[in-house]
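As they're listed, the protein sequences go chains A and B.
Using this note's numbering, you'd call the opening residue of the first sequence number 51 and step up by one each time.
Using this note's numbering, you'd call the opening residue of the second sequence number 105 and step up by one each time.
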Amino acid sequence: MRDTIRFRLNGAPVSLETDGTRTLLWVLRTDLELTGTKYGCGEGLCGSCTVLVDGRAVHSCQTPLAAVQGKDVTTIEGLARGGRLDPLQQAFHDEGALQCGYCTPGMILGARALLAANPHPTREQIVRGMEGHLCRCGAHQRIVAAIETASGRRGGRDD
Amino acid sequence: MTDALRMPRRDFVKALGGGVLVLVSLPPALTGAAPGPEQGRGYPTDVNAYLHIAEDGTVTLYSGKIEMGQGVVTSLSQMAAEELGVALGAMRIVMGDTATCPWDAGTWGSMTTRFFGPAVRAAAAQARLLLTDLASRRLGVPRAQLSVEEGVVFVTGHRDRRVTYGELARGQLITHTVDERAVLKAAREFAVMGRSPKRLDGAEKVTGAAKYAADIRLPGMLYARIVRPPAHGATPRGLDTSAAQAMAGVTVVNRDGLVAVLAPDPETAERALRLVRSEWDIPAPPFDTESVYDHLVQAAPNARTTESAGDLEAGRQGAARTFDVTYRHPYVAHAPMEPHVALAEPKDGKLTVWASTQSPFGLQGQIARATGLRVEDVRVITPYVGGGFGGKSSGPQGVEAARLALAAGRPVQVAWTRAEEFFYDTFDPAAVVRLISGIDAAGHITLWDYQVYGAGDRATEVFYDVPNKRVRIAGSWGGEGSGPAAGAARYHLFGVGPWRAPGANTNRFAAEQQVDAMAAAAGMDALEFRLRNTTDQRMLRVLRAVAEASGWRPGVAPRRESRGRGLACGIDAGSYVAHVAEVTVDRATGAVQVERVVCAQDMGIVVNPDGARMQMEGCVTMGLGYSLSEEVRFEGGRVDTASFATYPLPRFSWVPRIETVLVPNDALAPQGGGEPAIVCMGAVVANAIFDATGARMLRLPMTPERVLAEMRRV
Ligand code: FES
Ligand code: FES
Numbered sequence: 051m052r053d054t055i056r057f058r059l060n061g062a063p064v065s066l067e068t069d070g071t072r073t074l075l076w077v078l079r080t081d082l083e084l085t086g087t088k089y090g091c092g093e094g095l096c097g098s099c100t101v102l103v104d105g106r107a108v109h110s111c112q113t114p115l116a117a118v119q120g121k122d123v124t125t126i127e128g129l130a131r132g133g134r135l136d137p138l139q140q141a142f143h144d145e146g147a148l149q150c151g152y153c154t155p156g157m158i159l160g161a162r163a164l165l166a167a168n169p170h171p172t173r174e175q176i177v178r179g180m181e182g183h184l185c186r187c188g189a190h191q192r193i194v195a196a197i198e199t200a201s202g203r204r205g206g207r208d209d
Numbered sequence: 105m106t107d108a109l110r111m112p113r114r115d116f117v118k119a120l121g122g123g124v125l126v127l128v129s130l131p132p133a134l135t136g137a138a139p140g141p142e143q144g145r146g147y148p149t150d151v152n153a154y155l156h157i158a159e160d161g162t163v164t165l166y167s168g169k170i171e172m173g174q175g176v177v178t179s180l181s182q183m184a185a186e187e188l189g190v191a192l193g194a195m196r197i198v199m200g201d202t203a204t205c206p207w208d209a210g211t212w213g214s215m216t217t218r219f220f221g222p223a224v225r226a227a228a229a230q231a232r233l234l235l236t237d238l239a240s241r242r243l244g245v246p247r248a249q250l251s252v253e254e255g256v257v258f259v260t261g262h263r264d265r266r267v268t269y270g271e272l273a274r275g276q277l278i279t280h281t282v283d284e285r286a287v288l289k290a291a292r293e294f295a296v297m298g299r300s301p302k303r304l305d306g307a308e309k310v311t312g313a314a315k316y317a318a319d320i321r322l323p324g325m326l327y328a329r330i331v332r333p334p335a336h337g338a339t340p341r342g343l344d345t346s347a348a349q350a351m352a353g354v355t356v357v358n359r360d361g362l363v364a365v366l367a368p369d370p371e372t373a374e375r376a377l378r379l380v381r382s383e384w385d386i387p388a389p390p391f392d393t394e395s396v397y398d399h400l401v402q403a404a405p406n407a408r409t410t411e412s413a414g415d416l417e418a419g420r421q422g423a424a425r426t427f428d429v430t431y432r433h434p435y436v437a438h439a440p441m442e443p444h445v446a447l448a449e450p451k452d453g454k455l456t457v458w459a460s461t462q463s464p465f466g467l468q469g470q471i472a473r474a475t476g477l478r479v480e481d482v483r484v485i486t487p488y489v490g491g492g493f494g495g496k497s498s499g500p501q502g503v504e505a506a507r508l509a510l511a512a513g514r515p516v517q518v519a520w521t522r523a524e525e526f527f528y529d530t531f532d533p534a535a536v537v538r539l540i541s542g543i544d545a546a547g548h549i550t551l552w553d554y555q556v557y558g559a560g561d562r563a564t565e566v567f568y569d570v571p572n573k574r575v576r577i578a579g580s581w582g583g584e585g586s587g588p589a590a591g592a593a594r595y596h597l598f599g600v601g602p603w604r605a606p607g608a609n610t611n612r613f614a615a616e617q618q619v620d621a622m623a624a625a626a627g628m629d630a631l632e633f634r635l636r637n638t639t640d641q642r643m644l645r646v647l648r649a650v651a652e653a654s655g656w657r658p659g660v661a662p663r664r665e666s667r668g669r670g671l672a673c674g675i676d677a678g679s680y681v682a683h684v685a686e687v688t689v690d691r692a693t694g695a696v697q698v699e700r701v702v703c704a705q706d707m708g709i710v711v712n713p714d715g716a717r718m719q720m721e722g723c724v725t726m727g728l729g730y731s732l733s734e735e736v737r738f739e740g741g742r743v744d745t746a747s748f749a750t751y752p753l754p755r756f757s758w759v760p761r762i763e764t765v766l767v768p769n770d771a772l773a774p775q776g777g778g779e780p781a782i783v784c785m786g787a788v789v790a791n792a793i794f795d796a797t798g799a800r801m802l803r804l805p806m807t808p809e810r811v812l813a814e815m816r817r818v
């Protein structure tokens, strides 16, 4: 089945002639060669594949391509604007909120959606908001600190 | 040593252009690189590191190690920059490429800094000497009158009489081999080491630019899905691939037991795989999650004794109290967020393989053996690795991709699904410890009879002063008794292998709980009991450091107030660690929340303090998993926990406040940092649960059900 799927990807329009039931994750990673979005489980259970659709965080591994028809999709590659890192990217870098880095794109986009909905979350709210994201390296404490820093609340380990 | 061994491949030198190339050749004992089958193939296997100073002043370190999150891109660069006298920003690093990097056994065992670090530092120190020699000739002053700063050599006190490394390297083609330890800087002279620059891989990783094996794209590449058995040990009875074969764009490969579908995109491959009909004979399960422990003891290989002193019987007689306790540790998965991936490209009878592996040279050899290619015709390139923890030490997916690529004559990617990752993981083995110990009336440990089945000997050294002791090891995560093909007894039904500080988590779980139980029985504070029973100065220092940082107040466990605190300590990878954990236990559900963990670590010279803390925090967080939730459940060869839904990893809400203390010890060369801080996590949480409830948790993981059950028994 061929569908025409049009959406905005990282600010630029794209149009794809493909089967709309395909999965956004694989279309991004293969057809569009945007490999910053990661596969971790394919079941909606790890958050590695998180992208923003109209500003909301979704699991791209659970999102059919047709669902983004006419929408705005942001991947990790589209977060820095004009060569400037997003404050979250900067904060993750500054706080050392990553180790292997594999969960990082999903973490940053998840946090971006969290801050969009709640610009000054409490630590509690950050923890709850990020609960669906797994990080095997155990960078959690610094990820929370980075999100606090980016939100303007002074982060750091000792509150 | 022959010249052939001392020379890097000529084409490599040629490819570098001019400049200065320093090779370091340190004996295997110093680098942890035990000679393997990959040696003796006309490759400079005795060389541990290359350092190249190009004519433009760029310094490149070539290392067979890989970056999987442990931060060695940064710490190795720091070490080279320090000894060479250049700014960190002038360093480039090439890792894990078998074509350009010196042979290396693999990245594991917290050995990169401990054993490879000296090679890097020696290479850089030697390069500095070499360059200052050149400068001394160029500037016409003896070397002793020269200083080096940020890649510039100048006459001390006359900064205008100067020459840069790049200028010195120009027009040179110097290859120099170091085979003894050069004079390294002392810790007080450090300008780059001992500091915490931001991770050098950070920018790439926050922008999504960092490439992992699954991110490599080649024209015409195919995506493979492989037909898998429902259980380990299953044998194929029937196979029908015709429906998959009929799909447009799909190729089926069926060779020597490897059955796969190949398609131009991963989703088509997935659909094709679903059309394959396969039937299997599954052997009756000989044991399962519950009965494995009896099996481990019964089928154990002969024990070897690693330590013994005094007279056990006398120890028993002289004890005021004895303790005979059995501890159990389940199979635990590595579960890196990046599953195993490899992309193999066949060209002109050679193969290039990009793989997520902790052992590029090991994989190169494996692929050569499996395909019949010559080792030198296989190149393994390791992009960033998305977590390893020991689980990417062997590379079956690389072999699969290589075989399929040769069969298809096109590049083929094999990317394991999460379910495959959980199925083919080389688990941390299930293990049993039986520990018989005793104390006298004054609270001295008089007896320590330690027997472990299946976990090996790591972190079993008895650092308490016990007059009558014996440590026996039966079976390990590696070598004898490991792996599905290890003899007729089939000790394990699936692969086992090294898991972050292999075996040490099991061993400390047992030993430090036992010590805690003895302290409680003696009516003594857990800290005081430990201080009284060891004279090991490094241990005493970390114990005191963790007590001070955590605000430890004397008290005897269990206090049974639903809140509790625990203490545990250990030695791993040359580092000393001590932990204090504070927990709350929900009396209604048995759920444990770890509120705070303080970890003190003596790791010798600290190359990158913030990087060291990151590893400690990672260890503590990962350690929560095997402590509280992680257990591979299985029935015979069938793995029932092949998803994050059934195999829960630590989440944000589980993570305690983690405080790390680096106990200074600059007299000691850098020791391991990626593993030590995980080894006490099971014990320290168990000890805190005991304090909170009076319940002893002798089996991992300490799930709410198990905690509740034990609470009911006290
Ligand atoms: S890959 Fe989508 S949630 Fe795990
Ligand atoms: S940084 Fe490795 S999984 Fe999060």
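A virtual CB, placed ideally from N, CA and C, is assigned to each residue, including glycine.
These numbers come from a predicted model, not from an experiment.
Judged by their CB atoms, A338(B) and I157(B) are not nearer to each other than the 8 Å cut-off.
Using beta-carbon distances, L165(A) does not count as an interface residue toward chain B, since no partner is under 8 Å.
Against chain A, the beta carbon of M718(B) has neighbours under 8 Å at G146, Q149, A189 and R192, listed in chain order.
Against chain B, a Cβ distance below 7 Å from V177(A) picks out F756 and S757. For the pair L671(B) and N791(B), the CB atoms are nearer than the 8 Å cut-off.
Among the CB atoms of chain A, none fall inside 8 Å of the CB of T807(B). Burial check for N60(A): the Cβ neighbour count within 10 Å reaches 16 or more, so the residue is buried.
Of all residues in the segment 296-314 of chain B, those with a C-beta nearer than 9 Å to a C-beta of chain A are S300, K302, R303, D305, G306, A307, E308, K309, V310, T311, G312, A313 and A314, reading in chain order.
At a cut-off of 7 Å, the beta-carbon of R186(A) counts as near ligand 2: some heavy atom of the ligand is closer than that. Here the alpha carbon of P760(B) sits roughly 49 Å from the alpha carbon of V354(B). Contact check between the segment 303-315 of chain B and the segment 480-492 of chain B: three or more CB pairs, one atom from each, fall below 8 Å, which counts as touching. Minimum Cα-Cα distance from L362(B) among the listed residues Q501(B), R299(B) and A226(B) corresponds to Q501(B).
Taking a Cβ-Cβ cut-off of 8 Å, the neighbours of A749(B) in chain A comprise E93 and L95, given in sequence order. Sequence-distant partners of Q149(A) (beyond 5 residues in either direction) whose C-beta falls short of 7 Å from its own C-beta, in its chain, are C187 and A189. In the DSSP assignment, L250(B) falls within the beta strand (DSSP E) that extends over L250 to E253. Taken through DSSP and simplified to helix, strand or coil, C153(A) comes out as coil.
Here the distance from the Cβ of G90(A) to the nearest heavy atom of ligand 1 is below 7 Å. Residue contact with chain B for G86(A): present (Cβ-Cβ distance below 8 Å to some residue of chain B). For C723(B), the uninterrupted alpha helix (DSSP H) segment begins and ends at P713 to L732.
Taken through DSSP and simplified to helix, strand or coil, M297(B) comes out as coil. Take the alpha-carbon of V503(B) and the one of E480(B): they are about 16 Å apart. According to the DSSP secondary-structure assignment, H683(B) is paired through a beta bridge with A672(B) and C703(B). A check of alpha carbon separations from T85(A) across D532(B), S382(B) and R321(B) identifies R321(B) as the nearest. The shortest CA-to-CA distance from W207(B) to any of P340(B), R341(B) and P464(B) is the one to P464(B).
At least one heavy atom of ligand 1 lies less than 7 Å from the C-beta of H109(A). About 23 Å separates the Cβ atoms of P443(B) and R359(B), ruling out a contact at the 8 Å cut-off.
For the pair A563(B) and R612(B), the CB atoms are nearer than the 8 Å cut-off.
At a cut-off of 8 Å between beta-carbon atoms, E198(A) makes no contact with chain B. Where M199(B) is concerned, the enclosing beta strand (DSSP E) starts and stops at M195 to M199. When only Cα atoms are considered, P754(B) and L184(A) end up about 8 Å apart.
Under the Cβ criterion of 8 Å, S65(A) is not counted among the residues facing chain B. Contacts with chain B at 8 Å (Cβ-Cβ) include F142(A). Within the segment 109-159 of chain A, the alpha helix (DSSP H) runs of at least 4 residues that lie entirely inside it are, in chain order, 137-145.
For A307(B), the uninterrupted alpha helix (DSSP H) run begins and ends at G306 to T311, by DSSP. Rounded to the nearest angstrom, the gap between the Cα atoms of T426(B) and A626(B) is 11 Å. Contact check for T162(B) against R218(B) fails: the beta carbons are separated by 8 Å or more.
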